[in-house]
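**Q**
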Ligand SMILES: [Zn+2]
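Numbering (this note's numbering), first residue to last: 21 to 321.
#1: On the three-state DSSP scale, how would you describe residue 283?
#2: I need the residues with a C-beta less than 6 Å from some heavy atom of ligand 3; please give them in chain order.
#3: Would residue 263 count as contacting chain D if we go by Cβ distances under 8 Å?
#4: Looking at C-alpha atoms only, which residue of 103, 79, 122 and 26 is the closest neighbour of residue 143?
#5: Within a Cβ cutoff of 6 Å, which residues of the same chain sit near residue 305, ignoring the five residues on either side of it in sequence?
#6: Once the 5 residues before and after residue 227 are set aside, which same chain residues still bring their CB inside 6 Å of it?
#7: Using only the alpha-carbon positions, how far apart do residue 315 and residue 109 sit?
#8: Expressed to the nearest angstrom, what Euclidean distance is found between the alpha-carbon atoms of residue 224 and residue 218?
#9: Mind reading off the beta-carbon distance from residue 332 to residue 297? Whole number of angstroms is fine, and I expect it under 8 Å.
#10: Let me check understanding here. Comparing Cα to Cα, which of 56, 118, 173 and 133 lies closest to residue 97?
#11: Look up residue 179 in the DSSP assignment and give the residues it is bridged to.
#12: Using 10 angstroms around the beta-carbon of residue 88, count the other beta-carbons present and answer buried if the total reaches 16, otherwise exposed.
#13: Under a Cβ-count criterion, where at least 16 other Cβ atoms within 10 Å of its own Cβ denotes burial, should residue 22 be classed as buried or exposed?
#14: Which two residues bound the contiguous beta strand (DSSP E) that contains residue 164?
#15: Run the CB neighbour count on residue 82, radius 10 Å, all protein chains shown included, and call it buried at 16 or more, exposed below.
#16: Is it the case that the Cβ atoms of residue 164 and residue 155 are separated by a distance below 8 Å?
#17: What do you get for residue 300, buried or exposed, if any count of 16 or more other CB atoms within 10 angstroms of its CB means buried?
#18: Suppose only complete runs of 4+ residues qualify. What are the alpha helix (DSSP H) ranges in the region 57-113, listed by chain order?
#19: When the Cα atoms are used, what is the spatial distance from residue 100 to residue 67?
#20: Taking C-beta to C-beta, are residue 16 and residue 291 nearer than 8 Å?
#21: Could you pull the start and end residues of the alpha helix (DSSP H) that residue 210 belongs to?
#22: Throw me the rounded Cβ distance for the residue 187 and residue 247 pair, which I believe falls under 8 Å.
#23: Assign residue 130 to one of two classes, buried (16 or more other C-beta atoms within 10 Å of its C-beta) or exposed (fewer than that).
#24: Suppose you measure from the CA of residue 45 to the CA of residue 196; what does that come to, to the nearest Å?
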């Protein structure tokens, strides 16, 4: 174990419940304001590989500045492509029906099946395999993902406006891999996801301000409102504490809208966002740099 235990992080959230409540209130306000600006939000086209190659270097450079880490190894980039998805479906479908056809031909030879039966069977199997290929590997279709082994950032199918936030989040994981002492199990830790969430948010806000397009922060604001709400509800449950009425009202409202608590109790994304929101509200943004450089002294403050 290199990272502080989850119990110590939950304790930190408990100790700072007033800060969490403020942050949750702000997050709810920001989310409501953003939704009111519906017409001003410009999400743009679905991001292509070429556009990703233009947007990502700027997002990466901002992440290095935020974390004050400038020695970073090469990272590879990949984006979900509709053309490639169609190819995969085609290959899976054709491959499976060919295999069925070969096996069926043997049965035909043994007089167990007729040619028509083999044809129908091959078509059904090919179609099923194609559908499975289409719905498989959801990580490639939505959100982003960092492959620690291949040093590869995979981006799902997204509009251009949310790309800076997602690429900055995943690039933070790349830097964490290089600088943070952690075991493979600890990759699913609040102190991995929390800083990545906040760094992605800062980059998204920079893009939003420069282009005067709030769509850049949409994904971030929505996620933070959701994660802080979950963290607060979980804290109240643990401590058998009554949640503040205005925050609870918000929770119910947002819950209905977004399907909160979908991941259940004690999710490390929720805890991570809560811990880092509290820590940066109390001490400033440099906590993100400290955490990435293995300094967790903020937990004692
Ligand atoms: Zn992440």
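Heads up, the beta-carbon is just placed ideally off N, CA and C, and yes, glycines get one too.
**A** The short version:
#1: Your numbering for residue 283 matches position 263 in the chain shown. Summary for residue 283: the model assigns pLDDT 46, below 50, so the residue's position carries little reliability; its value from the coordinates is reported in the next sentence. If DSSP states are grouped into helix, strand and coil, residue 283 belongs with coil.
#2: No copy of ligand 3 appears in this structure; the ligands present are ligand 1.
#3: No chain D is present in this structure, which holds just one protein chain.
#4: Translated into the one-based positions of the chain shown, residue 143 becomes position 123. The shortest C-alpha separation from residue 143 is found at 122.
#5: Position 285 of the chain shown, counting from 1, holds the residue named residue 305. Counting only Cβ-Cβ distances below 6 Å, and skipping sequence neighbours, we find nothing.
#6: Here the question's residue 227 lines up with position 207 in the chain shown. 184 and 236, listed in sequence order.
#7: Counting from 1 along the chain shown, the entry for residue 315 is found at position 295. Counting from 1 along the chain shown, the entry for residue 109 is found at position 89. Between the alpha carbons of residue 315 and residue 109 lies a distance of about 47 Å.
#8: As a first step, residue 224 is located in the chain shown; it is residue number 204 there, counting from the start. As a first step, residue 218 is located in the chain shown; it is residue number 198 there, counting from the start. Residue 224 and residue 218 have their C-alpha atoms some 10 Å from each other.
#9: Nothing can be reported for residue 332, as the shown portion of the chain is limited to 21 through 321.
#10: Here residue 97 corresponds to residue number 77 of the chain shown, with the count starting at 1. Selected option, being the one with the closest Cα: 173.
#11: Your numbering for residue 179 matches position 159 in the chain shown. Bridge pairing for residue 179: 66 [DSSP].
#12: For the purposes of this step, residue 88 is taken as residue 68 along the chain shown, with counting starting at 1. Label assigned to residue 88: exposed.
#13: The sequence position of residue 22 within the chain shown is 2, counting from 1. By the 16-neighbour rule on beta-carbons within 10 angstroms, residue 22 is exposed.
#14: On the chain shown, position 144 is the one that residue 164 refers to. Segment 164-167, the beta strand (DSSP E) holding residue 164.
#15: As a working note, residue 82 is residue 62 in the chain shown. With 16 or more other Cβ atoms within 10 Å, it is buried.
#16: For this step, residue 164 is matched to residue 144 along the chain shown. For this step, residue 155 is matched to residue 135 along the chain shown. Contact annotation: residue 164 and residue 155 have beta-carbon atoms that are not nearer than 8 Å.
#17: Translated into positions along the chain shown, residue 300 becomes position 280. Buried is the call here.
#18: Counting only runs of at least 4 residues, the region 57-113 fully encloses the following alpha helix (DSSP H) elements, listed from N- to C-terminal order: 69-87.
#19: Here residue 100 refers to the residue found at position 80 when the chain shown is read from its first residue. Here residue 67 refers to the residue found at position 47 when the chain shown is read from its first residue. Those two C-alpha atoms are separated by around 9 Å.
#20: No answer is possible for residue 16: it lies beyond the span of the chain, which begins at 21 and ends at 321.
#21: Within the chain shown, numbered from 1, the residue matching residue 210 stands at position 190. From DSSP, the alpha helix (DSSP H) with residue 210 extends over 210-231.
#22: Counting from one through the chain shown, the residue named residue 187 turns up at place 167. Counting from one through the chain shown, the residue named residue 247 turns up at place 227. That belief does not hold up - the Cβ atoms of residue 187 and residue 247 are roughly 20 Å apart, past 8 Å.
#23: Here residue 130 refers to the residue found at position 110 of the chain shown. Of the residues assessed, residue 130 falls on the exposed side of the cut-off, its CB having fewer than 16 other CB atoms within 10 angstroms.
#24: Within the chain shown, numbered from 1, the residue matching residue 45 stands at position 25. Within the chain shown, numbered from 1, the residue matching residue 196 stands at position 176. Each residue's Cα considered, the two are about 30 Å apart.
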